[in-house]
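Sequence order for the protein chains is G and X. Under this note's numbering, think of the first position of the first sequence as 58, with each following residue one higher. Under this note's numbering, think of the first position of the second sequence as 41, with each following residue one higher. For reference, the structure is listed below as structure tokens.
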Amino acid sequence: MHRLKHNWEICRAVAEVTYKEWSAYRTHSLVSVIVGPVYFMVQYFIWTSVYGGQTTTLGGLDLQQMIRYFGATALIGYLIMDFADWNLSMLVRTGKFLTFHLRPVHHRSFALFQKLGHRMLGFLFEFLPCLLIFIFIFGIDMRPASLPWTLVSVALAFLMNFYVNYTIGLTSFWLVQSGGIRSAFLLVSSIFSGALIPLDFFPHWLQVTQLFLPFQYIAYMPAMVFTGHYSLGGLELTIPQAVGMQAAAVLVMFGCNELIRRRAMKQFTAVGA
Amino acid sequence: MKRYVDVYKQCMYSAVQTAAAYRMNFIVSSLITLVGNILFPLVTLLIYRAGTSFPGWSLYEVLLIQSVFTMSSGLANLVFGGVLWTTMSHVREGSFEVILLKPLNPLFYIVATTFSVESVGLFLGGAALFVFSTLHVGAIPAIAWLQFAGLFLAGTAVLAGLSLMMAAMSFKWVGNSRISELADSVLHVGKYPLPIFPKAVQAAATLIIPVGMVGFLPASALLGRVTASDFAAILPCLAFLAAGIWIYRHMIRMYEGVGG
Numbered sequence: 058m059h060r061l062k063h064n065w066e067i068c069r070a071v072a073e074v075t076y077k078e079w080s081a082y083r084t085h086s087l088v089s090v091i092v093g094p095v096y097f098m099v100q101y102f103i104w105t106s107v108y109g110g111q112t113t114t115l116g117g118l119d120l121q122q123m124i125r126y127f128g129a130t131a132l133i134g135y136l137i138m139d140f141a142d143w144n145l146s147m148l149v150r151t152g153k154f155l156t157f158h159l160r161p162v163h164h165r166s167f168a169l170f171q172k173l174g175h176r177m178l179g180f181l182f183e184f185l186p187c188l189l190i191f192i193f194i195f196g197i198d199m200r201p202a203s204l205p206w207t208l209v210s211v212a213l214a215f216l217m218n219f220y221v222n223y224t225i226g227l228t229s230f231w232l233v234q235s236g237g238i239r240s241a242f243l244l245v246s247s248i249f250s251g252a253l254i255p256l257d258f259f260p261h262w263l264q265v266t267q268l269f270l271p272f273q274y275i276a277y278m279p280a281m282v283f284t285g286h287y288s289l290g291g292l293e294l295t296i297p298q299a300v301g302m303q304a305a306a307v308l309v310m311f312g313c314n315e316l317i318r319r320r321a322m323k324q325f326t327a328v329g330a
Numbered sequence: 041m042k043r044y045v046d047v048y049k050q051c052m053y054s055a056v057q058t059a060a061a062y063r064m065n066f067i068v069s070s071l072i073t074l075v076g077n078i079l080f081p082l083v084t085l086l087i088y089r090a091g092t093s094f095p096g097w098s099l100y101e102v103l104l105i106q107s108v109f110t111m112s113s114g115l116a117n118l119v120f121g122g123v124l125w126t127t128m129s130h131v132r133e134g135s136f137e138v139i140l141l142k143p144l145n146p147l148f149y150i151v152a153t154t155f156s157v158e159s160v161g162l163f164l165g166g167a168a169l170f171v172f173s174t175l176h177v178g179a180i181p182a183i184a185w186l187q188f189a190g191l192f193l194a195g196t197a198v199l200a201g202l203s204l205m206m207a208a209m210s211f212k213w214v215g216n217s218r219i220s221e222l223a224d225s226v227l228h229v230g231k232y233p234l235p236i237f238p239k240a241v242q243a244a245a246t247l248i249i250p251v252g253m254v255g256f257l258p259a260s261a262l263l264g265r266v267t268a269s270d271f272a273a274i275l276p277c278l279a280f281l282a283a284g285i286w287i288y289r290h291m292i293r294m295y296e297g298v299g300g
């Protein structure tokens, strides 16, 4: 019990320090207040034009659901944003990762709580202003179909995004400079996470493939949980079932991450560039 | 003038040599850029595949707009792509005075030394999509090609002006690596047919920040959809580039030389 409390204190301190550290650069976050609504505005007009005032559904979504979907993906993006891959890659390349072997905290936990602190700042300076803009300027109904399930799903997306990025960062233990892998992954992730377009628009075989890849659990699934309806590749699930599947996917990803991390540690030479 | 041309040629040669020294990095970066841009019209493809469309625009016409946009971005990035990051880095590190001491116009020096060979992937990706789209939109008369050339250069001038304005911001907003996102978000409007936006957005995208000139109007010229009055939009484009140059040069005076 004492050890648990001690670990909690460490993690809370990491989150607090990261929050304070990034508070010095809060105007970085405020860029999102312009960028997010502009992207959203473009999506808004694209889809308004595509639906053309008809009451049809596309990819199983009507216009209002589509707009809500893009609003949700934008806002969820602020809550789960992560650059653990870049950070870990930098630590390995410069040899600074060595210092984490001397600290009384596991680096993955350290990075996770850094992300938590960083996103708390994102919540205040990105999520909340953009939420208000979406509601009061665009007049979008941003009430989730089920608040508790949406919160759980976003929390799982937060973890999934972190574990996936951390795994990409671990490739630096072999490649030293993993910029190419990270760029390629970012490209694939941006397409298949559902942030550009709902995955229902993809060919059936690609939709089925997404069930076995981590991308859809990062943006598409939490956004669909927000809208209250989940289906992909012919698989239609209730919201609790979808969140259950997301939790299972996060566990699998964590297992993969742990396996690769253990192998990566054997590669570490502590020599920086 | 000849001196400037010689310097620029030498800088281009150096950039190519640098790329050749790190061949694998150059090939991978160019390939990812190329693939990224081939996938860029994916949203459009999926929308049309779902049996719907942008009213009044066929799939190949929208792809033509997007290919022109990509080519224009590639060209602008080739010449002006590195200005933002180099300026930002110099301002943050307090080393911009090294450039001010050179016996050359500082803006020219920055532009010449940041010739971005990797952007050739972006241009080639756009060019491939452009050829593919033009083959599907029917015969294009010679006059339309001439109109296209003029509007295309005007659109590229807009991108250059935007790059310079963003770079100029880094003199005051020191070390903000997200400045480029501001430009990227605004440019997003230029990737789709302008008539899908409300009149106010169309006016802003033609006269204030003329991003509509980057892909939409040059492609419209090829499709025979421009009117004589559309060519008046070239003026705001040139004004935008001039504003970019003026703002950058003005902001240099605000440089404080305190790095770290």
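Just so it is clear, CB atoms sit at the ideal spot from N, CA and C, and this is done for glycine as well.
* With burial defined as no fewer than 16 other Cβ atoms inside 10 Å of the residue's Cβ, what is the status of X:GLY300: buried or exposed? -> Note that X:GLY300 has pLDDT 49, beneath the 50 cutoff, so the model's placement of it is unreliable and the number below is only indicative. Flag for X:GLY300 reads exposed.
* Are X:THR127 and X:SER210 closer than 8 Å when you measure CB to CB? -> yes
* **Inter-residue Cα distance where the pair is X:ILE285 and G:TYR274** => 45 Å
* Against chain X: residues of the segment 159–193 of chain G by CB proximity under 8 Å -> none
* **Closest Cα partner of G:LEU169 within the set G:CYS187, G:SER146, G:ILE137** => G:ILE137
* Which bits of chain G does X:ARG218 rub up against, with CB to CB less than 7 Å? -> HIS85, VAL88
* Give the residues of chain G in contact with X:THR92, contact being defined as C-beta atoms less than 7 Å apart. => VAL107, LEU115
* Boundaries (first-last residue) of the beta strand (DSSP E) holding G:LEU289 -> 287–289
* To do: Pull up the distance between the alpha-carbon of G:GLY251 and that of G:VAL300, whole angstroms please.
  => 17 Å
* Asked: Should X:GLU221 be flagged as near chain G, meaning a C-beta pair shorter than 8 Å?
  -> yes
* Asked: Quick one: Cα of X:MET206 to Cα of G:ILE91, how far?
  -> 14 Å
* Asked: Are X:PHE163 and X:LEU118 closer than 8 Å when you measure CB to CB?
  -> yes
* To do: Apply the 10 Å Cβ neighbour rule to X:MET291 and answer buried if 16 or more other Cβ atoms are within range, or exposed otherwise.
  => buried
* Cβ neighbour criterion (16 or more within 10 Å) applied to X:SER203 -> buried
* chain X beta carbons: is any one of them nearer than 8 Å to that of G:GLY237? -> yes
* Under 8 Å Cβ-Cβ, which residues of chain X neighbour G:LEU244? -> ILE72, VAL75, GLY76, LEU79
* Asked: Taking the alpha carbon of G:LEU173 as the point to measure from, which residue in G:LEU294, G:ILE133, G:LEU308, G:ARG69 has its own alpha carbon closest?
  -> G:ARG69
* To do: In the DSSP assignment, find the unbroken beta strand (DSSP E) run with G:GLU293 in it and report its ends.
  => 292–294
* Does X:PRO95 have its Cβ less than 8 Å from a Cβ in chain G? -> yes
* Excluding the five sequence neighbours on either side, which residues of its own chain have a C-beta within less than 6 Å of the C-beta of X:SER159, listed in chain order? -> GLY114, ASN117, LEU118, GLY121
* Name, please, each residue of chain G whose Cβ falls closer than 8 Å to the Cβ of X:LEU82. => ILE248, LEU253, ILE254
* Bridge-paired residues (DSSP) for G:LEU118 -> G:LEU115
* When the cut-off is 8 Å and only beta carbons count, does X:ILE236 lie next to chain G? -> yes
* **Sufficient close CB pairs (3 or more, under 8 Å) joining the segment 53–65 of chain X to the segment 74–85 of chain G** => no
* Asked: Using DSSP with H/G/I as helix, E/B as strand and the rest coil, what is G:PRO94?
  -> helix
* According to the neighbour-count rule (16 or more other Cβ atoms, all chains shown, within 10 Å of its Cβ), is G:ASP139 buried or exposed? -> buried
* **Contact check, X:ARG289 vs X:LEU147, beta carbons under 8 Å** => yes
* To do: Give a yes or no on whether the C-beta atoms belonging to X:VAL198 and X:PHE256 are separated by under 8 Å.
  => no
* Asked: What's the gap between the Cα of G:GLN121 and the Cα of X:PRO250?
  -> 30 Å
* Contact list for the segment 191–210 of chain G against chain X, Cβ threshold 9 Å -> none
* Determine the closest residue to G:VAL307 out of G:VAL211, G:PHE193, G:GLN324, G:GLY236, with distance taken between C-alpha atoms. => G:VAL211
* Asked: In terms of residues, what are the limits of the alpha helix (DSSP H) holding X:TRP97?
  -> Per DSSP, X:TRP97 belongs to no alpha helix (DSSP H) and is neither H nor E.
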